[in-house]
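As numbered in the UniProt record's numbering, the sequence shown has no gaps in its residue numbers, which increase by one up to the final residue, 318.
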Amino acid sequence: MSTKRDVSGGSHLPGEGAPHVTTVFADGDVPDHLAEMSEDEAALASLGYKQEFKREFSAWTSFAVSFAVMGLLPSIATTMWYGIGYAGPAANTWGWLVSVVFILCVALSMAELASSMPTSGGLYYAAAVLAGPKWGPLAAWITGWSNWFVQVTGSPSVNYGGAGMILAAASIVNPSYVPTQYQTFLLTTFLMIVHACISSMPTLWIARFNSVGTTINLIALVVIIIIIPTATTNVPKFQPNSVAWGIENFTDWPDGVAVLMSFLAICWTMSGYDAPFHLAEECSNAAIASPRAIVMTAASGSVLGFVLNALIAHGPRT
Numbered sequence: 001m002s003t004k005r006d007v008s009g010g011s012h013l014p015g016e017g018a019p020h021v022t023t024v025f026a027d028g029d030v031p032d033h034l035a036e037m038s039e040d041e042a043a044l045a046s047l048g049y050k051q052e053f054k055r056e057f058s059a060w061t062s063f064a065v066s067f068a069v070m071g072l073l074p075s076i077a078t079t080m081w082y083g084i085g086y087a088g089p090a091a092n093t094w095g096w097l098v099s100v101v102f103i104l105c106v107a108l109s110m111a112e113l114a115s116s117m118p119t120s121g122g123l124y125y126a127a128a129v130l131a132g133p134k135w136g137p138l139a140a141w142i143t144g145w146s147n148w149f150v151q152v153t154g155s156p157s158v159n160y161g162g163a164g165m166i167l168a169a170a171s172i173v174n175p176s177y178v179p180t181q182y183q184t185f186l187l188t189t190f191l192m193i194v195h196a197c198i199s200s201m202p203t204l205w206i207a208r209f210n211s212v213g214t215t216i217n218l219i220a221l222v223v224i225i226i227i228i229p230t231a232t233t234n235v236p237k238f239q240p241n242s243v244a245w246g247i248e249n250f251t252d253w254p255d256g257v258a259v260l261m262s263f264l265a266i267c268w269t270m271s272g273y274d275a276p277f278h279l280a281e282e283c284s285n286a287a288i289a290s291p292r293a294i295v296m297t298a299a300s301g302s303v304l305g306f307v308l309n310a311l312i313a314h315g316p317r318t
């Protein structure tokens with residue numbers, strides 16, 4: 001079988017069997033034993049290497065992993081001060097809207113790349129291809145190492161936030177209890193160990209675990225969105241738009257800088273949608289399922305996050 005291809009990500013097929021992905025092969029060339037491969041295997045062969053992982057993720061479970069990484073409800077709760085503390089309620093309303101527009105642009109571009117290059121290398125492989133032969137190695141090196149730094153700092157930050165929330169709940173139950181720094185550190189370390197064990201489970205178990213966790217996450221998020229406006233007894237129940245959409249600068253910086261700083265909370269919350277790209281080689285029908293999972297995560301996080309943040313911004317002030 002022959003096929004006409006270009007290295008920009010497309011393929012023009014005279015027949016069936018050749019994958020619609022970027023390829024390292026010259027025009028007219030195809031991988032050996034193409035007819036014996038599944039579509040996913042053929043896609044990887046066109047990219048120059050052999051499939052090694054089991055494909056036990058689907059579009060839903062890939063979405064579940066990325067939505068779990070984003071953790072919309074706990075992420076908003078743990079970073080709320082970094083938004084409201086800089087620019088006031090405006091960080092929750094139009095600040096969120098401005099930020100997610102750019103985040104969605106990144107997510108859509110990433111989804112396109114994941115469709116064209118559904119590899120476990122993910123971002124650094126795509127960086128190498130896009131940068132070309134001259135700058136590809138440097139681009140891949142920078143992308144890979146920066147992503148590694150995110151992984152080794154992001155996970156502890158999530159667990160640190162989780163530890164703070166658990167100890168804060170303990171303080172609410174027992175007002176005389178004041179958490180100490182070493183208790184927060186020990187609980188963070190314990191959570192890291194637990195998550196390391198979970199991440200060491202077989203692929204199928206991880207997929208199912210995240211599916212259940214994301215379902216609970218979504219249910220809890222919807223419940224909170226319903227409870228906030230219905231359970232409050234304050235009069236009036238909601239703040240006017242002039243308050244909810246207004247800037248309150250709690251810093252010594254100019255308003256513009258304070259607003260920009262408030263974007264940090266949103267960027268930290270709206271992260272993790274790249275997970276399906278990294279899991280592409282473990283996902284069935286990866287060239288379609290992985291980009292869909294990326295878009296689903298970014299879109300659902302943007303919409304649900306704005307609803308929750310708008311309710312917080314319009315909520316009663318103390």
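Glycine included, C-beta positions come from ideal geometry on N, C-alpha and C.
Where residue i falls, given that 16 or more other Cβ within 10 Å makes a residue buried
| i | result |
| --- | --- |
| residue 103 | buried |
| residue 256 | exposed |
| residue 43 | buried |
| residue 201 | exposed |
| residue 66 | buried |
| residue 135 | exposed |
| residue 223 | exposed |
| residue 46 | buried |
| residue 297 | buried |
| residue 291 | buried |
| residue 242 | exposed |
| residue 273 | buried |
Member of the options whose CA lies at the smallest distance from the CA of residue i
| i | options | result |
| --- | --- | --- |
| residue 213 | 62, 47 and 50 | 62 |
| residue 271 | 68, 52 and 45 | 68 |
| residue 198 | 187, 210 and 188 | 210 |
| residue 114 | 299, 301, 294 and 314 | 294 |
| residue 282 | 48, 147, 57 and 251 | 57 |
| residue 287 | 239, 83, 110 and 89 | 110 |
| residue 205 | 39, 64 and 178 | 64 |
| residue 247 | 84, 307, 230 and 194 | 84 |
| residue 311 | 40, 92, 263 and 49 | 92 |
| residue 80 | 266, 303 and 129 | 266 |
| residue 216 | 74, 233, 50 and 49 | 74 |
| residue 94 | 154, 244 and 253 | 244 |
| residue 154 | 172, 132, 302 and 268 | 268 |
| residue 77 | 166, 171 and 45 | 166 |
| residue 156 | 125, 242 and 194 | 194 |
| residue 203 | 40, 52 and 39 | 52 |
| residue 238 | 89, 172 and 41 | 89 |
| residue 276 | 48, 55, 38 and 39 | 55 |
| residue 148 | 181, 302, 124 and 171 | 124 |
| residue 40 | 99, 100, 228 and 119 | 119 |
| residue 145 | 234, 253, 96 and 121 | 121 |
Same chain, Cβ closer than 6 Å to residue i, neighbours up to 5 away in sequence not counted
| i | result |
| --- | --- |
| residue 261 | 86 |
| residue 192 | 159 |
| residue 264 | 82 |
| residue 279 | 57 and 62 |
| residue 285 | none |
| residue 50 | none |
| residue 131 | 139 |
Other residues of its chain near residue i: CB distance less than 7 Å, five sequence neighbours each side excluded
| i | result |
| --- | --- |
| residue 127 | 139, 140 and 143 |
| residue 6 | Confidence at residue 6 is low in this model, with a pLDDT of 40, below 50, so its placement is unreliable and the value that follows should be read with caution. Around residue 6: no qualifying Cβ. |
| residue 225 | 307, 308 and 311 |
| residue 196 | none |
| residue 304 | 72 and 221 |
Other residues of its chain near residue i: CB distance less than 8 Å, five sequence neighbours each side excluded
| i | result |
| --- | --- |
| residue 258 | 86, 87, 247, 249, 250 and 251 |
| residue 208 | 61 |
| residue 170 | 177 and 179 |
Residue i CB to nearest heavy atom of the ligand ATP below 7 Å
| i | result |
| --- | --- |
| residue 109 | What this structure holds is no ligand at all, so the ligand ATP is not there to describe. |
**Request:** Flag this pair as touching only if the stretch 149-165 and the stretch 182-197 have three or more C-beta atom pairs under 8 Å; answer yes or no.
**Result:** By the Cβ test, the stretch 149-165 is in contact with the stretch 182-197, since at least three Cβ pairs between them sit closer than 8 Å.
**Asked** In chain order, which continuous runs of the alpha helix (DSSP H) of length 4 or greater are located wholly inside the stretch 178-254?
**Response** For the stretch 178-254, whole alpha helix (DSSP H) runs of length 4 or above, ordered along the chain, are 181-199, 203-231 and 241-244.
**Prompt:** Which runs of the alpha helix (DSSP H), 4 residues or longer, sit entirely within the stretch 282-318?
**Reply:** Within the stretch 282-318, the complete alpha helix (DSSP H) segments at least 4 residues long are 286-314, listed from N- to C-terminus.
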